[in-house]
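*Asks:* Below is a structure I'd like to ask you about.
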């Protein structure tokens, strides 16, 4: 056998065994939670986010005829004061765009902001991506028509996607991930950039992450000492947690998670702990996943995992800590068509 092929096989085997050992360790600390279906009016509902605003929960998600490659993706925002009874606030749409993966934040002006992807398809082939943003009024009752965001021309390539914005001391931070063809979908890859904004519309490049493994969806958060954390999904490898000190946010230390992730989200808890919500993959190359919550430290070490009722097309959790509970929105198709679910987990279960 060619020595390079042998080296590759041994390398892959080592990665798989390490992943399997980590997975076995997680299973020993695995728990399960219950959930309630809260919305299922569309043919396909997916890609959620959740936030607490004006003494109410706001949940957003995409509605369409299928998971992707359509021209009918719309973004719905629903509201509830108790987490049980939900009413629609708005349905955002742009003709010719498949609106995707809406993410909620509260601007320094005290308004809800929804940032979302905008894919352009023709005959189920994606031609470009035009990210969009919408803002509520101060009471969260109405939303503006989605408008294109403006990206720093130094990184813009018509395949951009600013995935989630986190506001910190008057500035919004996010990751813009660029799709790169490189000879077709089978060889596709991605690049990710740290960006910032002061108005939610215009985004300035801050830092380029030199990360292999097709990095894409990423969430930015800050701890109590203004340290920045970035949770990164990779298509060809385990999830990453990148950490940088203030104020420059350009010297990141990278920590590997013990599993592959999808739809990454996380929050800080007390005692230097993190709550990570994601789609958990059984191994590095497996596409089957379950929506899960993981408690760990700020270096990506996981000590407890809770798996939510889920299967098939699922994941993309929204996370809110309220009244000593973790509230989790997510979507799943384990009961048939893809629908929106809500789970409540006592924080003591994550200690």
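Numbering (our numbering), first residue to last: 510 to 860. Note that the Cβ used here is the ideal one computed from N, Cα and C, for glycine as well.
What does the alpha-carbon distance come out to for the pair residue 558 and residue 836?
*Replies:* Looking up residue 558 in the chain shown gives position 49. Looking up residue 836 in the chain shown gives position 327. Roughly 11 Å separates the two Cα atoms.
*Asks:* If we ignore side chains and look at the alpha-carbon of each, how far apart do residue 849 and residue 544 end up?
*Replies:* Position 340 of the chain shown holds residue 849. Position 35 of the chain shown holds residue 544. Their backbone Cα atoms lie some 10 Å apart in a straight line.
*Asks:* Whose CA, out of 586, 667, 730 and 789, lies closest to the CA of residue 674?
*Replies:* Against the chain shown, residue 674 aligns to sequence position 165. Answer by Cα proximity: 730.
*Asks:* Counting only the same chain and skipping the five closest in sequence on each side, list residues whose C-beta sits under 8 Å from that of residue 581.
*Replies:* Walking along the chain shown from the start, residue 581 turns up at place 72. If we look at residue 581 and ignore the five residues flanking it on each side, its Cβ neighbours are 573, 574 and 607.
*Asks:* Exposed or buried, what is residue 784 when buried is set at 16 or more other beta-carbons lying within 10 Å of its beta-carbon?
*Replies:* Looking up residue 784 in the chain shown gives position 275. The residue is buried, with at least 16 neighbouring Cβ atoms inside 10 Å.
*Asks:* Hey, out of 758, 746 and 829, whose CA is closest to residue 735's CA?
*Replies:* For the purposes of this step, residue 735 is taken as the residue at position 226 of the chain shown. Checking every option, the nearest Cα to that of residue 735 belongs to 758.
*Asks:* Does the separation of the CB atoms of residue 806 and residue 782 fall below 8 Å?
*Replies:* In the chain shown, the residue the question calls residue 806 occupies position 297. In the chain shown, the residue the question calls residue 782 occupies position 273. Against a cut-off of 8 Å, the Cβ pair of residue 782 and residue 806 comes out as a contact.
*Asks:* Let me make sure I understand the geometry here. Which of 719, 571, 592 and 614 has the alpha-carbon closest to that of residue 560?
*Replies:* Locating residue 560 in the chain shown gives position 51, counting from the first residue. Ranking 719, 571, 592 and 614 by Cα distance to residue 560 puts 614 first.
*Asks:* To which residues of the same chain is residue 656 closer than 8 Å at the C-beta, ignoring the five residues directly before and after it?
*Replies:* As a position in the chain shown, residue 656 is number 147, starting the count at 1. So the qualifying residues of the chain are 641, 642, 643 and 710.
*Asks:* Can residue 772 and residue 826 be called in contact, C-beta distance under 8 Å?
*Replies:* The residue given as residue 772 occupies position 263 in the chain shown. The residue given as residue 826 occupies position 317 in the chain shown. It is a contact, given that the beta carbons lie within the stated cut-off.
*Asks:* Span of the beta strand (DSSP E) holding residue 826?
*Replies:* Here residue 826 corresponds to residue number 317 of the chain shown, with the count starting at 1. Residues 824 to 831.
*Asks:* Please name the residue in 617, 779 and 748 whose C-alpha comes closest to that of residue 726.
*Replies:* Here the question's residue 726 lines up with position 217 in the chain shown. It is 748 whose Cα lies nearest to the Cα of residue 726.
*Asks:* Identify whether residue 860 lies in helix, strand or coil by the three-state DSSP scheme.
*Replies:* Reading the chain shown from its first residue, position 351 is the one you call residue 860. Residue 860 falls in the coil class under three-state DSSP.
*Asks:* Could you check the C-alpha separation between residue 676 and residue 708 for me, to the nearest Å?
*Replies:* As a first step, residue 676 is located in the chain shown; it is residue number 167 there, counting from the start. As a first step, residue 708 is located in the chain shown; it is residue number 199 there, counting from the start. If you take the alpha carbons of residue 676 and residue 708, they lie about 10 Å apart.
*Asks:* Would DSSP call residue 728 helix, strand or coil?
*Replies:* Sequence index remark: in the chain shown, residue 728 carries index 219 (1-based). The answer is strand: DSSP assigns residue 728 an E or B state.
*Asks:* By DSSP's criteria, residue 542 is part of a beta bridge. Which residues make up the other side?
*Replies:* Sequence index remark: in the chain shown, residue 542 carries index 33 (1-based). Paired residues: none, contrary to the question.
*Asks:* Helix or strand or just coil, what does DSSP make of residue 768?
*Replies:* Walking along the chain shown from the start, residue 768 turns up at place 259. Residue state, collapsed to three classes: coil.
*Asks:* In three-state terms, what does DSSP make of residue 752?
*Replies:* Here residue 752 is taken as the residue at index 243 of the chain shown, counted from 1. Residue state, collapsed to three classes: strand.
*Asks:* For residue 569, which option in 816, 822 and 652 has the closest C-alpha, if you only look at C-alpha atoms?
*Replies:* Stepping through the chain shown from its first residue, residue 569 is reached at position 60. Here the closest residue by C-alpha is 652.
*Asks:* Would you mind reading off the limits of the beta strand (DSSP E) that contains residue 595?
*Replies:* In the chain shown, counting from the first residue as 1, residue 595 sits at position 86. Run containing residue 595: none; DSSP gives neither H nor E here.
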